[in-house]
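Remarks on the structure that follows.
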Amino acid sequence: MSDLHFLGLGGTDEVGASSYLYRLAEGNLLIDAGARPGSIGDAALPQLGLLAEHPPAAMILTHAHLDHVGALPVVIRRFPKLNIYCTEATARIATLVLGDTLKVTTMQGQPLFSAGEMKRTLERLRPVPYFQRISDHGFAFTLFPSGHLLGAASVLMESGGRSVFHTGDVSNISTPVVDAAWLPAAVTPVDAVVSESTYGDTLLPSRKEQVRAFVAAIGETLRGGGRVLIPSFALGRAQEITQILQTAMAGGLLPAVPIHLDGLTRGITEAYEDMLPLLPEALQNRTKVSKQRPFLTGTVNLVKDKRERDGILASDRPAVVIASSGMLHAGASPQYARAWLPHAENALFVVGYQDAESPGRRLLELQQGGEVMLPAQNGGKEGGGFEAIPAYSRIERFYLSAHADRGGLLGMIARYAPGKVILTHGELRARSNMAGYLNSKHDVGLPAAGELAALKDSGKRRGSFMNTAPKKLEAMKERHARTTVKVRYDAETHEVRIALPDTLDGALFGEGDYTLEVLRGKTSRVKLREHDAEAIEGQRQAEEDRAAEEEALA
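Residue numbers (my numbering): 166 to 719.
Below is the structure:
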């Protein structure tokens with residue numbers, strides 16, 4: 166058996182309950198222990214029982230989002246001496262997220278852990294800086310900035326002369342509150358990459374254009390006398406949106422209306438203010454020059470209690486509310502949605518990922534005037550009640566994601582030139598789609614939760630069509646060297662390149678990507694990819710139409 170294995174405990178074919186065990190030659194390394202947003206009790210947890218057979222020697226927390234940190238005290242309940250490595254920012258934010266998780270799950274009647282267990286967990290955190298190699302457990306690891314969130318990290322593991330790169334949640338786009346992921350200047354080969362695939366089936370639109378459209382839509386609603394609800398992840402996204410709105414108001418693009426921060430966004434934003442030295446240099450400089458606080462300035466208001474929230478809900482003044490949770494699972498955002506969605510002059514703008522079962526996803530799928538099931542006013546106490554709410558307000562999605570899209574992920578993976586790639590943290594369609602772009606150059610694995618996967622290139626490239634036996638390759642080269650058709654095989658990319666004779670008119674072939682299908686016997690078929698064929702047919706039809714028009718005019 167290979168001495169490098171991957172075991173996903175959760176967060177493999179889903180976005181939630183992320184927890185990954187690496188079985189290394191020197192010991193086991195656990196990365197993250199998250200909860201499933203919207204689930205309660207044991208249903209919210211990864212398969213932590215598997216750790217009994219494979220106890221971890223150390224643990225790394227990549228970042229402090231609920232789906233990566235929510236089950237951490239449950240792990241420490243089982244392994245009280247376990248050291249948990251993370252960045253300084255992650256350690257500070259994890260305190261707030263775990264505190265909120267304890268509060269919410271207690272209200273639901275099924276707390277995941279106790280206050281004492283949370284305290285003991287926080288005592289096991291071991292902050293380390295980026296780029297510092299840690300080798301206290303036989304194997305070694307280094308944390309690198311992954312974008313995505315303040316303090317978020319990717320992990321490079323070294324074991325037995327081999328290396329594995331775990332991306333964590335990653336973003337290759339800089340925002341006002343976090344710099345883009347760090348990448349090595351040159352290609353740095355590793356044995357395997359374990360990559361997230363949240364948007365593995367998506368090419369996201371230009372972030373600059375999305376921000377422009379987002380601000381314009383808010384402006385239209387406010388000038389029409391409406392109120393805007395932005396359900397937001399409290400960590401990172403709420404602070405980015407606050408910066409966007411403050412900048413737009415300062416530039417006259419938006420009227421200077423109140424910006425209310427409610428739910429977990431309040432405490433997180435205050436924590437961000439205290440962590441100003443860890444934020445991007447541009448934001449630090451802007452704060453220094455303006456002599457104003459980075460977030461809590463201008464019209465920004467922290468909603469302190471239920472009485473103040475009720476006052477905002479009762480007011481008909483234009484305002485913007487940024488409230489958790491981002492998927493409308495729980496927290497403050499469903500309370501505003503219940504009050505504002507039935508009114509056509511208001512708007513609800515979605516700015517982040519929505520999992521398949523979330524109220525936010527169902528809301529996006531509605532036709533205007535339909536109904537959406539939202540957590541009821543007192544549903545949290547018993548862990549379940551929902552009520553149907555009519556949705557007549559403007560509902561729109563803007564892609565301000567903190568995850569890299571398919572292009573960004575493929576570019577990052579290429580920088581590490583791995584033989585093996587394992588895709589996690591994505592729904593079925595996203596993982597499968599991204600695998601299709603990888604499997605001609607890499608050995609790609611899509612393991613299910615609880616499935617042990619070797620972190621070693623099998624030597625077979627799924628999707629490739631060449632038999633790589635050395636004798637057959639040499640025979641192919643010698644045979645075609647005597648013909649006018651030249652065939653060259655690239656062993657690194659598993660591509661066959663065919664140079665046709667000069668006497669063959671290249672116009673016979675349309676532009677586009679072709680696939681080679683090897684059938685039984687000696688019959689082979691070259692086929693233009695479907696979408697390219699459609700484009701060429703459309704172009705041909707357009708040329709015929711133009712020719713017909715010219716003939717008619719003549």
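By construction, the Cβ of each residue, glycine as well, lies at the ideal position given by its N, Cα and C atoms.
Straight-line CA distance for Ile249 to Arg285? Rounded to whole angstroms, Ile249 to Arg285 spans 12 Å at the Cα level.
Contiguous beta strand (DSSP E) assignments of at least 3 residues, all confined to the region 449–496: Those beta strand (DSSP E) runs which fall completely within the region 449–496 and span 3+ residues are 465–467, 485–488.
Between the CA atoms of Val355 and Leu574 - distance to the nearest angstrom: A straight line joining the alpha-carbon of Leu574 with that of Val355 spans about 16 Å.
Euclidean distance between Cα positions of Tyr557 and Ile395: Linking Tyr557 to Ile395 through their CA atoms gives a straight-line distance of about 16 Å.
For Val234, does the count of other Cβ atoms within 10 angstroms reach 16, so buried, or fall short, so exposed? Classification for Val234: buried.
Other residues of its chain near Leu428: CB distance less than 6 Å, five sequence neighbours each side excluded: Rather than Leu, the amino acid found at residue 428 in this sequence is Gly. Contacts found: Ala488, Ser489, Gly496, Ala497.
On the premise that Arg402 lies in contact with Gly517, defined as a C-beta separation below 8 Å, what is that separation, rounded to the nearest angstrom? Taking a contact as a CB-CB distance under 8 Å, the pair Gly517 and Arg402 counts as one, their CB atoms being some 6 Å apart.
With 16 as the cutoff for other CB atoms within 10 Å, does Gly576 come out buried or exposed? Exposed is the call here.
Quick check on DSSP: helix, strand or coil for Ile258? Helix, per DSSP.
Pro310, buried or exposed, once every other Cβ within 10 Å from all chains shown has been counted against 16: Residue burial annotation: Pro310 is buried, with at least 16 other C-beta atoms found within 10 angstroms of its C-beta.
Would Phe171 and Val320 be called neighbours here (beta carbons separated by less than 8 Å)? In this structure, Val320 does not lie closer than 8 Å to Phe171 by Cβ.
Segment limits, alpha helix (DSSP H) that includes Arg571: Here the alpha helix (DSSP H) through Arg571 covers 571–581.
Within 8 Å, strictly: CB atoms of Asp622 and Lys585: In contact: Asp622 and Lys585 (Cβ atoms closer than 8 Å).
List the DSSP bridge partners of Glu561. As DSSP reads the structure, Glu561 sits in a beta bridge with Phe514.
With a CB to CB cut of under 6 Å and the five nearest residues on each side skipped, what residues in its chain are close to Leu189? Answer for Leu189: Phe304, Ser324, listed in chain order.
Tell me whether the beta-carbon of Ala436 lies closer than 8 Å to the beta-carbon of Arg257. Contact flag set, yes.
One or two residues paired with Asp168 in a DSSP bridge: Bridge partners of Asp168: none, in fact.
Based on Cα-Cα distance, which residue from Gly535, Arg562, Arg526, Ala484 lies nearest to Phe514? Looking at the Cα atoms, Arg562 is the closest of the given residues.
Among the residues of its own chain, which have a CB less than 8 Å from the CB of Leu531, if the five just before and after it don't count? So the list reads Val537, Ala556, Ile560, once near-sequence residues are dropped.
Measuring CB to CB, does Tyr295 end up less than 8 Å from Thr589? Cβ atoms of Tyr295 and Thr589: not closer than 8 Å.
Under three-state DSSP, which class holds Pro238? Helix, per DSSP.
Which of helix, strand or coil does DSSP assign to Phe309? Assignment of Phe309 by DSSP, reduced to helix, strand and coil, places it in the strand class.
With three or more C-beta pairs closer than 8 Å as the rule, is the region 469–478 touching the region 438–456? The way I'd put it, the region 438–456 doesn't touch the region 469–478; fewer than three beta-carbon pairs between them come closer than 8 Å.
Hey, quick one: how far does the alpha helix (DSSP H) through Phe379 stretch, first residue to last? First-last of the alpha helix (DSSP H) with Phe379: 372–388.
Are three or more beta carbon pairs between the region 236–251 and the region 206–224 nearer than 8 Å? Counting Cβ pairs under 8 Å, three or more are found: they touch.
Endpoints, beta strand (DSSP E) assigned at Ala618: For Ala618, the enclosing beta strand (DSSP E) begins and ends at 617–619.
Contact check, Pro499 vs Pro540 under 8 Å by CB: the rounded distance? 5 Å between Cβ atoms; contact.
Considering only the alpha carbon of each residue, which of Met272, Val180, Asn598, Gly316 lies closest to Leu444? Scanning Met272, Val180, Asn598, Gly316 for the CA closest to the CA of Leu444 turns up Gly316.
Beta-carbon within less than 6 Å of Arg120's beta-carbon, same chain only, minus the 5 sequence neighbours each way: which residues are those? Residue coverage of the chain in this structure runs from 166 to 719, which leaves residue 120 outside it and unanswerable.
Helix, strand or coil, according to DSSP, for Glu695 in the structure here? In this predicted model, Glu695 has a pLDDT of only 48, less than 50, meaning its place in the structure is not dependable enough to derive any value.
Smallest Cα separation from Val269: which of Pro420, Leu231, Gly281, Thr407? Selected option, being the one with the closest Cα: Leu231.
Which same chain residues, not among the five before or five after Thr520, have their C-beta less than 6 Å away from its C-beta? Residue 520 is actually Asp in this sequence, not Thr. Counting only Cβ-Cβ distances below 6 Å, and skipping sequence neighbours, we find Val180.
Hey, could you find the ends of the beta strand (DSSP E) Glu179 is sitting in? In this chain, Glu179 is not harboured by any beta strand (DSSP E), its DSSP state being neither H nor E.
Please state whether DSSP places Ala346 in a helix, a strand or coil. Reduced to three states, the DSSP call for Ala346 is coil.
Cβ distance (whole Å) where Pro341 is taken to contact Gln408 below 8 Å: The beta-carbon distance between Pro341 and Gln408, rounded to whole angstroms, is 4 Å. This is short enough to meet the 8 Å contact definition.
Use the C-beta contact count for Trp347: other C-beta atoms within 10 angstroms, 16 or more gives buried, fewer gives exposed. Exposed, because fewer than 16 other Cβ atoms sit within 10 Å of the Cβ of Trp347.
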